[in-house]
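Input: a single structure, listed below in structure tokens.
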Amino acid sequence: MRDAELIRTALKMRKKSYVPYSGFAVGAGLLAGSGEIYGGCNIENAAYTPTNCAERTAFFRAVSEGEREFSAIAIAGGPAGQEPADYCAPCGVCRQVMMEFCDPDTFQVILAKSETEYQVFTLRELLPCGFGPADLGLQKGQAGNKKNSQ
Ligand code: THU
275 MRDAELIRTA
285 LKMRKKSYVP
295 YSGFAVGAGL
305 LAGSGEIYGG
315 CNIENAAYTP
325 TNCAERTAFF
335 RAVSEGEREF
345 SAIAIAGGPA
355 GQEPADYCAP
365 CGVCRQVMME
375 FCDPDTFQVI
385 LAKSETEYQV
395 FTLRELLPCG
405 FGPADLGLQK
415 GQAGNKKNSQ
């Protein structure tokens with residue numbers, strides 16, 4: 275049920291992707307601690323490197339709304355204008371952003387082709403030996419007691 279709703283959001287968000295360079299449309303649906311689902315799409319740029327992946331768009335939207343806890347993200351991607359034929363796994367940069375805010379042992383990454391065809395991984399499986407806030411003596415997403423964060 276929850277998985278299907280996140281996947282529906284990911285599939286819907288793909289249609290918002292701005293992908294004039296790759297033609298590869300990715301959507302994400304991120305479940306936050308408040309129960310809210312945040313959607314994200316990839317947004318490309320003529321200078322290429324400023325491109326933002328769908329997953330990071332979803333995370334940054336959510337964090338900018340005050341969310342700090344997350345339990346799962348669904349991701350769907352493939353050539354724009356077609357239903358996804360393959361699973362689309364998050365890039366290394368997006369895995370690292372997940373590591374900042376999520377418990378790697380419980381956060382679930384749902385790779386979806388459709389509402390019924392999908393695979394589920396923990397973040398730990400996708401990013402073994404990841405480096406995160408704990409390595410700097412901080413709690414995930416809660417650097418609030420230090421420096422400038424709240
Ligand atoms: N992309 C994502 O948005 N998420 C992924 O998981 C993989 C890659 C985007 C970046 C770029 O706009 C396009 O897909 C091709 O790499």
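Count along the sequence shown from 1, then add 274; that gives the number in my numbering.
From the three backbone atoms N, C-alpha and C, an ideal C-beta is built for every residue, glycine too.
If you draw a straight line from the C-alpha of residue i to the C-alpha of residue j, how long is it?
i: Ile349; j: Gly411; result: 30 Å
i: Asn419; j: Leu401; result: Residue confidence is low: Asn419 scores 46 on pLDDT, short of 50, so the model does not pin down where it sits. Its coordinate-derived value is still stated next. So the two alpha carbons sit approximately 27 Å from each other.
i: Leu285; j: Ser291; result: 11 Å
i: Cys327; j: Val383; result: 15 Å
i: Arg398; j: Gly404; result: 8 Å
i: Leu280; j: Gly314; result: 11 Å
i: Ala320; j: Phe298; result: 15 Å
i: Thr390; j: Pro353; result: 20 Å
i: Asp379; j: Pro358; result: 27 Å
i: Met287; j: Ala408; result: 32 Å
i: Tyr295; j: Lys387; result: 22 Å
i: Ala336; j: Ala302; result: 12 Å
Could you tell me which residues DSSP puts in a beta bridge with residue i?
i: Pro353; result: Phe298
i: Ala346; result: Leu305 and Gln382
i: Ile311; result: Leu305
i: Tyr361; result: DSSP output for Tyr361 lists no bridge partner at all.
Do we get a CB-CB distance below 7 Å when we pair residue i with the residues of chain B?
i: Ile311; result: Judged by its chain identifiers, the structure shown contains no chain B, having just a single protein chain.
Output the boundary residues of the alpha helix (DSSP H) element that contains residue i.
i: Ile317; result: Careful: Ile317 lies outside any alpha helix (DSSP H) and carries neither H nor E.
i: Gln370; result: Gly366 to Phe375
i: Glu279; result: Arg276 to Arg288
i: Ser388; result: From DSSP, Ser388 is part of no alpha helix (DSSP H); its letter is neither H nor E.
i: Phe334; result: Ala328 to Ser338
Starting from residue i, trace the beta strand (DSSP E) both ways and give me its first and last residue.
i: Val394; result: Tyr392 to Thr396
(request) Anything with a beta carbon under 7 Å from a heavy atom of the ligand THU counts; list them all in chain order. (result) Result: Val293, Ser296, Phe298, Val300, Asn316, Glu318, Thr325, Cys327, Ala328, Glu329, Ile349, Gly351, Cys362, Ala363, Pro364, Cys365 and Cys368.
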